[in-house]
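Since the structure comes first, as structure tokens, the remarks are kept for the end.
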Amino acid sequence: MANNYNGNSKDFDPKMTTPPPLPAQMKAQFLPAFNTPYQLRRDVPLPTPTGPFDVLIKVDAASYCHTDAVLAAGQMPPYPPVFPHIGSHEFAGTVVALSPLSHSSSLSESSNSSATTLPQIGDRVGVPGRAFHPCGTCFECASTPSAEDPDADGAGYSVYCPRAGNHGISGPGGFREYAVADSRQVAPLPAGMGAVQAAALMCAGVTVYAALKRCGDAGRGRRVAIIGCGGGLGHLGLQFAVGMGWTVVGVDNADAPLAVARAVVGDGDDNRRDNMRIVDARVETADAVVASIGSADGKELRGEMGVDAVVILPESQAAFDYGVALLKNHGRCVVVSFPEKGFHVSARDLVFRDVSVVGSLVGSNKLLREMVEFAATHGVKAKIKSFPLERLNELVAEYHKGEGGKLVVDMAMSDVADEGD
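What follows is the structure in structure tokens.
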């Protein structure tokens with residue numbers, strides 16, 4: 001029987017080339033069909049790293065995202081392409097095996113400038129959904145950093161590759177004990193950052209971080225609003241935005257997420273308390289918030305009052321309208337959510353107020369690595385409730401309560417009922 005590798009990098013010499021013994025089977029949670037509970041299996045064969053950049057990850061934590069819920073409800077056709085399906089496109093773990101082809105290739109030979117060496121056995125990494133096995137030759141993969149997109153990865157790799165796979169969406173994700181990842185998509189974890197926190201950053205963190213980067217330059221007196229500030233992305237966005245130098249207005253409209261957002265302020269340092277304001281949209285209208293900002297800034301004309309940028313996280317038209325109404329003239333609206341029916345945009349805002357609306361999906365691997373280091377440096381922490389893998393359906397039920405924060409499967413947690421099996 002294989003030894004029980006516990007995922008700690010200190011257990012192995014990082015230069016060793018022989019993988020540790022691995023179990024023949026693993027546990028995994030499968031979604032059998034749309035709108036059904038996950039089903040646990042304990043006899044699943046381990047996946048095998050085959051591509052030159054592949055690594056086998058012992059999953060230490062896997063986070064649940066809004067996209068997991070949307071996909072499970074059948075609202076992301078054509079995904080998943082087959083059932084049963086393993087969800088989670090944001091997870092973290094430890095490298096336990098390399099591809100047999102890995103020694104003939106290196107990341108430095110690809111032109112992905114964001115990463116230069118293959119992870120080694122024992123390395124702790126975070127794994128986002130994108131991009132698993134990009135083609136390396138399409139128009140997206142051929143793109144390079146430019147003035148319009150300075151954070152793009154180098155030629156040969158792109159998170160936007162239309163031929164690439166996506167963990168937990170087009171292919172199996174992290175709700176299992178072992179997973180294969182593409183070395184070019186992972187981010188090394190800083191010392192002191194645990195897998196549970198890291199997993200929550202692999203989609204929620206990089207998504208809101210990339211959206212904030214699209215808001216323009218932060219600086220003294222510049223404001224950004226985050227609509228949906230108490231959710232999984234929003235409460236991380238509050239912390240990232242203040243760390244970047246923005247003065248932040250966070251907006252939500254329910255008690256639980258507002259409590260999460262206010263805790264971000266209350267638990268933070270003086271910089272957070274001085275530069276972050278949380279608004280209950282049920283109590284304050286957008287016009288009232290704009291007026292108070294104008295008063296604080298000594299402004300009188302409507303076009304010069306408000307925020308410079310806004311990030312829209314909820315899927316409701318009301319949230320979109322509230323966010324756009326907060327903008328001063330020439331402001332930028334960054335849309336992250338993708339409601340099935342879309343958003344209605346007022347042409348008057350675009351034409352007469354010169355408001356711009358852009359979308360933001362994910363961040364490049366360069367941004368992913370930057371975000372992880374930024375989070376470690378600035379103390380960005382997700383509010384997390386953890387569950388063992390066996391209780392994934394309880395986690396899903398908790399998600400639908402809408403109480404904010406992040407929900408994460410922690411593989412180190414033991415389900416008491418499962419221990420006797």
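Numbering (UniProt numbering), first residue to last: 1 to 421. By construction, the Cβ of each residue, glycine as well, lies at the ideal position given by its N, Cα and C atoms.
Task: Buried or exposed by the 16-neighbour rule on C-beta atoms within 10 Å, applied to Asn271 - done: As a first step, residue 271 must be located in the sequence shown, where it is residue number 271. Exposed, because fewer than 16 other Cβ atoms sit within 10 Å of the Cβ of Asn271.
- [ ] Compute the Euclidean distance between the alpha carbons of Leu327 and Val82, then round it to the nearest angstrom.
- [x] For the purposes of this step, residue 327 is identified with residue 327 of the sequence shown, where counting begins at 1. For the purposes of this step, residue 82 is identified with residue 82 of the sequence shown, where counting begins at 1. For Leu327 and Val82, the distance between alpha carbons rounds to 43 Å.
Task: Euclidean distance between Cα positions of Asn4 and Gly154 - done: As a first step, residue 4 must be located in the sequence shown, where it is residue number 4. As a first step, residue 154 must be located in the sequence shown, where it is residue number 154. Because Asn4 carries a pLDDT of 33, less than 50, the predicted location of this residue cannot be relied on, and no value is offered for it.
TODO: With a 10 Å radius around its C-beta and 16 neighbouring C-beta atoms as the bar for buried, classify Glu148 as buried or exposed.
DONE: Locating residue 148 in the sequence shown gives position 148, where the first residue counts as 1. With fewer than 16 Cβ atoms within 10 Å of its Cβ, Glu148 is classed as exposed.
Open item on the list: Tell me the rounded alpha-carbon separation between Met244 and Ser360.
Closed with: On the sequence shown, position 244 is the one that residue 244 refers to. On the sequence shown, position 360 is the one that residue 360 refers to. About 18 Å.
Task: Other residues of its chain near Ala291: CB distance less than 8 Å, five sequence neighbours each side excluded - done: Looking up residue 291 in the sequence shown gives position 291. Cβ within range, chain order: Met305.
- [ ] Measure how close the beta-carbons of Ala61 and Phe91 come, nearest whole angstrom, since I'm counting them as under 8 Å.
- [x] Here residue 61 refers to the residue found at position 61 when the sequence shown is read from its first residue. Here residue 91 refers to the residue found at position 91 when the sequence shown is read from its first residue. Contact annotation, Ala61 with Phe91: C-beta distance approximately 6 Å; criterion of less than 8 Å satisfied.
TODO: With distances taken Cα to Cα, identify the nearest neighbour of Asp68 among His89, Arg262, Ala142, Pro77.
DONE: Residue 68 sits at position 68 when you count from the first residue of the sequence shown. Here the closest residue by C-alpha is His89.
Task: Cα-Cα separation between Val208 and Val336, rounded to whole angstroms - done: Against the sequence shown, residue 208 aligns to sequence position 208. Against the sequence shown, residue 336 aligns to sequence position 336. Going by the C-alpha atoms only, they are around 8 Å apart.
Open item on the list: At 3 residues or longer, what runs of the beta strand (DSSP E) sit wholly inside the stretch 223-270?
Closed with: Entirely contained in the stretch 223-270, the beta strand (DSSP E) runs reaching 3 residues are, in chain order, 223-227, 247-252.
Task: Tyr38, DSSP secondary structure in three states - done: Numbered from its first residue, the sequence shown carries residue 38 at position 38. Tyr38 carries a coil assignment under DSSP once its states are collapsed to helix, strand and coil.
Task: 8 Å Cβ shell around Asp287 - same chain, five flanking residues per side excluded - done: Here residue 287 is taken as the residue at index 287 of the sequence shown, counted from 1. Once the five neighbours on either side are set aside, the close Cβ partners of Asp287 are Ala325.
Task: Spatial neighbours of Met26 in its chain, beta-carbon cut-off 7 Å, leaving aside the 5 residues before and after - done: Looking up residue 26 in the sequence shown gives position 26. Result list for Met26: Val44, Leu46, Arg176, Glu177, Tyr178, in chain order.
- [ ] Measure the alpha-carbon distance for Ile384 versus Lys406 and round it to whole angstroms.
- [x] Counted from its first residue, the sequence shown places residue 384 at position 384. Counted from its first residue, the sequence shown places residue 406 at position 406. Distance between the alpha carbons of Ile384 and Lys406 is about 5 Å.
Open item on the list: So for Ile293, helix, strand or coil by DSSP?
Closed with: Taking the sequence shown and counting its residues from 1, one reaches residue 293 at position 293. Taken through DSSP and simplified to helix, strand or coil, Ile293 comes out as helix.
Open item on the list: By the three-class DSSP mapping on this structure, what secondary structure does Thr144 have?
Closed with: Indexing the sequence shown from 1 puts residue 144 at position 144. The three-state secondary structure of Thr144, taken from DSSP, is coil.
TODO: Return the bridge partner residues of Thr94 from the DSSP annotation.
DONE: What you label residue 94 is simply residue 94 of the sequence shown in a count that begins at 1. Looking at the DSSP assignment, Thr94 forms a beta bridge with Lys58, Arg124.
Open item on the list: Do Ala382 and Leu236 have their beta-carbon atoms positioned less than 7 Å apart in this structure?
Closed with: For the purposes of this step, residue 236 is taken as the residue at position 236 of the sequence shown. For the purposes of this step, residue 382 is taken as the residue at position 382 of the sequence shown. Yes, these two residues count as a Cβ contact at 7 Å.
Open item on the list: If you reduce the DSSP assignment to three classes, tell me which class Phe320 lands in.
Closed with: On the sequence shown, position 320 is the one that residue 320 refers to. Secondary structure at Phe320: helix, using DSSP grouped into helix, strand and coil.
Task: Proximal residues to Leu189 (C-beta, below 8 Å), its chain only, five neighbours per side dropped - done: Position 189 of the sequence shown, counted from the start, is the residue given in the question as residue 189. Contacts found: Ala92, Arg124, Val125, Gly126, Ala195, Ala198, Val372.
Task: Where Gly405 falls: helix, strand or coil (DSSP) - done: Counted from its first residue, the sequence shown places residue 405 at position 405. Of the three classes helix, strand and coil, the one that applies to Gly405 here is coil, per DSSP.
Open item on the list: Can you tell me whether Pro150 is buried or exposed? The criterion is at least 16 other CB atoms within 10 Å of its CB, across all chains shown.
Closed with: Counting from one through the sequence shown, the residue named residue 150 turns up at place 150. When all chains shown are included, Pro150 counts as exposed.
Open item on the list: I'd like the span of the beta strand (DSSP E) that includes Ala309, first residue to last.
Closed with: Indexing the sequence shown from 1 puts residue 309 at position 309. First-last of the beta strand (DSSP E) with Ala309: 307-312.
Open item on the list: Between Asn365 and Gln185, how many whole angstroms is the CB-CB distance? I'm expecting something under 8 Å.
Closed with: Here residue 365 refers to the residue found at position 365 when the sequence shown is read from its first residue. Here residue 185 refers to the residue found at position 185 when the sequence shown is read from its first residue. Contact check for Asn365 and Gln185: beta-carbon distance about 6 Å, within the 8 Å limit, so the pair qualifies.
- [ ] Return yes when at least one heavy atom of the ligand FMN lies under 6 Å from the C-beta of Leu236, else no.
- [x] The ligand content of the structure shown is nil, which means the ligand FMN is not present either.
- [ ] Can you tell me which of Cys229, Val396, Pro21 puts its alpha carbon nearest to the alpha carbon of Val408?
- [x] Locating residue 408 in the sequence shown gives position 408, counting from the first residue. Of the candidates Cys229, Val396, Pro21, the one whose C-alpha sits nearest the C-alpha of Val408 is Val396.
TODO: Can you have a look at Asp274 and say buried or exposed, based on whether 16 or more other CB atoms are within 10 angstroms of its CB?
DONE: Position 274 of the sequence shown, counted from the first residue, corresponds to residue 274. Residue burial annotation: Asp274 is exposed, with fewer than 16 other C-beta atoms found within 10 angstroms of its C-beta.
TODO: Output yes or no for whether 7 Å exceeds the beta carbon distance between Asp308 and Arg391.
DONE: Along the sequence shown, one-based indexing puts residue 308 at 308. Along the sequence shown, one-based indexing puts residue 391 at 391. Taking 7 Å as the Cβ cut-off, Asp308 and Arg391 do not qualify as a contacting pair.
Open item on the list: Between the alpha carbons of residue 469 and Pro314, how many angstroms are there, rounded?
Closed with: No information on residue 469 is available, as it lies outside the stretch 1 to 421 that the chain covers here.
TODO: Could you check the C-alpha separation between His133 and Pro145 for me, to the nearest Å?
DONE: Taking the sequence shown and counting its residues from 1, one reaches residue 133 at position 133. Taking the sequence shown and counting its residues from 1, one reaches residue 145 at position 145. Each residue's CA atom was taken as its position, placing His133 and Pro145 some 20 Å apart.
- [ ] For Asn112, name the three-state secondary structure that DSSP assigns.
- [x] Start at 1 with the first residue of the sequence shown, and residue 112 comes out as number 112. Summary for Asn112: the model assigns pLDDT 48, below 50, so the residue's position carries little reliability, and this model does not support an answer.
- [ ] Would you kindly work out how many angstroms separate the C-alpha atoms of Leu367 and Ile169, rounded to a whole number?
- [x] The residue given as residue 367 occupies position 367 in the sequence shown. The residue given as residue 169 occupies position 169 in the sequence shown. In this model, Leu367 and Ile169 are separated by some 21 Å (Cα to Cα).
TODO: May I ask which residues mark the beginning and end of the alpha helix (DSSP H) holding Ala69?
DONE: Translated into positions along the sequence shown, residue 69 becomes position 69. First-last of the alpha helix (DSSP H) with Ala69: 66-72.
Open item on the list: Assuming Phe352 is part of the alpha helix (DSSP H), what are its boundary residues?
Closed with: Here residue 352 refers to the residue found at position 352 of the sequence shown. Unbroken alpha helix (DSSP H) run through Phe352: 347-352.
Task: Simplified DSSP state of Lys341, which is helix, strand or coil - done: As a first step, residue 341 is located in the sequence shown; it is residue number 341 there, counting from the start. Coil at Lys341, not helix or strand.
TODO: Keeping to the same chain, check which residues put their C-beta closer than 6 Å to that of Gly232; ignore five residues upstream and five downstream.
DONE: Here residue 232 is taken as the residue at index 232 of the sequence shown, counted from 1. Only residues of its own chain outside the window of five on either side were considered, and among them Ala204, Lys406 have a CB closer than 6 Å to the CB of Gly232, listed in chain order.
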